[in-house]
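A.B. asks: Numbering (the working numbering), first residue to last: 156 to 596.
Have a look at this one.
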Amino acid sequence: MGDLLSIDVAKPVQREMQMAQELGGIFERKILQHRLIVVSGADLVREVNDEEKWAKFLGKPLRKLRVIAGDGLFTAFNSEPNWSKAHNILGPGFSQAAMRGYHDSMLTVVDRLVDSWDSAAAGGEYVDVSTSMTSLTFDVIGRCGFSYDFDSFGRTEPDPFIAAMSRALEYINRSSNDIPILRALFGRAAREQHERDIALMQQTVDRIVEERMRSGEQHGDLLDLMMHTVDPDTGEQLDRESIRNQVLTFLVAGNETTAATLGFAIHFLSRHPEVVAEARAEITEVVGADGRIGYEQVAKLRYVRRVVDETLRLWPAAPGYFRKVRGETTLGGRTLPKGSWVFVLLPQLHRDPLWGDDPERFDPDRFAPEAVRKRPAHIFKPWGTGIRACIGRQFALHEAVLTLASLIRRYDFAPEPGYELDVHEAITLKPRRLKVKLSTL
Ligand code: HEM
């Protein structure tokens, strides 16, 4: 049985954070036949990030996602040729320069969010933050990625594609627990629904791609890059199946993570009116009290960016990453044979003593340039590490800063009385049942 009784099926990451506080920066858990080495000490994580000795490992949750995203960028094994092909072809689509092209699409969706929150504010209602943020991030990636409008703010029922994806992710999340007695709880009906959901997602993406091929139109989005760019290394293009896998990858990897980060940020803003005031002063200085936020202005909103970084420090939406040793090595005094793997536990790394004596405190000034210069870079890793780090980082940051700035300049946020942050764990971490009341300025 090993440590079976010590696992918290609902909140394994938060349980591991407690264990790290008790047992230190590296510990091992044995659950039935599985061994899991959890690493969070700053020096040990630095070793694990060494690309010469270690590489990305597809841990169980990521392997389970392959049923949706196949050998797409996020879930490809290191050896799969489609990874480097897609990495080369899609890199330019995520450069800082590419953000200029996405800016207006992002703003259009943010305006829809603001319209919907204006109505809630006028009615004195609490808004359900996670639902709004998920609508926002789906619509943004739909438009910027594939010029597809999910129109999430204009509907009462979610788009069938989004409903299918949410169900499929939940199924994968629940079934990724390999304890047979728990697995048996998910019966045939759920499995069949899962198969239908995946088929619907694949057919929807195939339809979008076919329509684009038929029309021959170019939209300057990620789909254009996928369909028309040649990999400079191989001289080849992505085939149809790979395009489908990449589209599904961006919908999975680019949605929940950014939505959760925005949700956590709004939670912290609702608790820290002094941070809201400082951010608002910056926004007024850079952009003015109203008027459109321009592309160039986003990079100048340095304090808002610090709010995002500090949010990612305390609650990194992707709570960790798996790494595998390329050859026998030692780590924290133990010998690890070739092929051994570990899990880097980010929320604990982000509370390492190197962050100071009050790591639980939300303080965006930790990311002021002089503070950043004083500490080692490897203790902040919300985007993963090395060649397999997040390709969508600039995209997520542009979207998050633009959205938060648009909200901060317009609303004060009041928390729901009695609410304590409840961190829900699925493939990502996200705030559960978070509602705030808005007052329009
Ligand atoms: C706040 C938002 C985000 C966070 C915290 C985040 C975090 C991460 C992390 C930690 C990894 C590395 C995973 C590993 O090593 O196994 C990763 C990879 C990846 N992310 Fe993100 N991500 C975010 C947003 C996005 C967005 C918006 C997109 C796309 C539109 C995206 C696409 C990807 C892809 C494709 C990979 C795999 C890259 C590769 O292996 O080559 N992510 N992300």
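By construction, the Cβ of each residue, glycine as well, lies at the ideal position given by its N, Cα and C atoms.
1) According to DSSP, is K529 helix, strand or coil?
2) What three-state label does DSSP hand K455 in the structure shown?
3) Is any heavy atom in ligand 1 found nearer than 7 Å to the beta carbon of W470?
4) So, at 8 Å on beta carbons, what are the nonlocal neighbours of P167 in its own chain, with the 5 sequence-adjacent residues on each side left out?
5) Looking at I546 and ligand 1, is the gap between the Cβ and the nearest heavy atom below 7 Å?
6) Report yes if the C-beta of P537 is less than 7 Å from at least one heavy atom of ligand 1; otherwise report no.
7) For V284 versus L589, is the C-beta spacing smaller than 8 Å?
8) Among A275, A319 and L262, which one has its Cα closest to the Cα of R298?
9) Quick one: is the Cβ of G409 within less than 7 Å of any heavy atom of ligand 1?
10) How close, in whole Å, do the beta carbons of E411 and K585 come, if the pair is a contact with beta carbons under 8 Å?
11) Using only the alpha-carbon positions, how far apart do R201 and R521 sit?
12) Do you know how far the Cα of V527 is from the Cα of I353?
13) Could you name the residues of the same chain whose beta carbon sits closer than 6 Å to that of V385, not counting the 5 residues immediately before and after it, in chain order?
14) Name the DSSP beta bridge partners of E183, please?
15) Use the C-beta contact count for T485: other C-beta atoms within 10 angstroms, 16 or more gives buried, fewer gives exposed.
16) Is A275 near ligand 1, with its Cβ less than 7 Å from a heavy atom?
17) For F249 versus Q549, is the C-beta spacing smaller than 8 Å?
18) Just how far apart, CA to CA, sit A414 and L199?
19) Name the residue from Q358, P492 and M288 whose alpha carbon lies nearest to the alpha carbon of S307.
20) Tell me the DSSP secondary structure of G475 in three-state form.
21) Measuring straight from C-alpha to C-alpha, what distance separates P474 and P502?
22) Please report the residue range of the beta strand (DSSP E) in which P570 lies.
23) Helix, strand or coil for W496 per DSSP?
24) One question on the structure: do P531 and R461 come within less than 8 Å of each other, judged by their Cβ atoms?
25) Using the Cα positions of E171 and L500, report the straight-line distance between them to the nearest angstrom.
26) In angstroms, rounded to a whole number, what distance separates the CA positions of R255 and R587?
C.D. replies: Reading it off the structure:
1) helix
2) helix
3) no
4) E580
5) yes
6) yes
7) yes
8) L262
9) yes
10) 7 Å
11) 20 Å
12) 43 Å
13) Q392
14) I192
15) exposed
16) no
17) yes
18) 30 Å
19) M288
20) strand
21) 6 Å
22) Y566 to P570
23) strand
24) no
25) 8 Å
26) 33 Å
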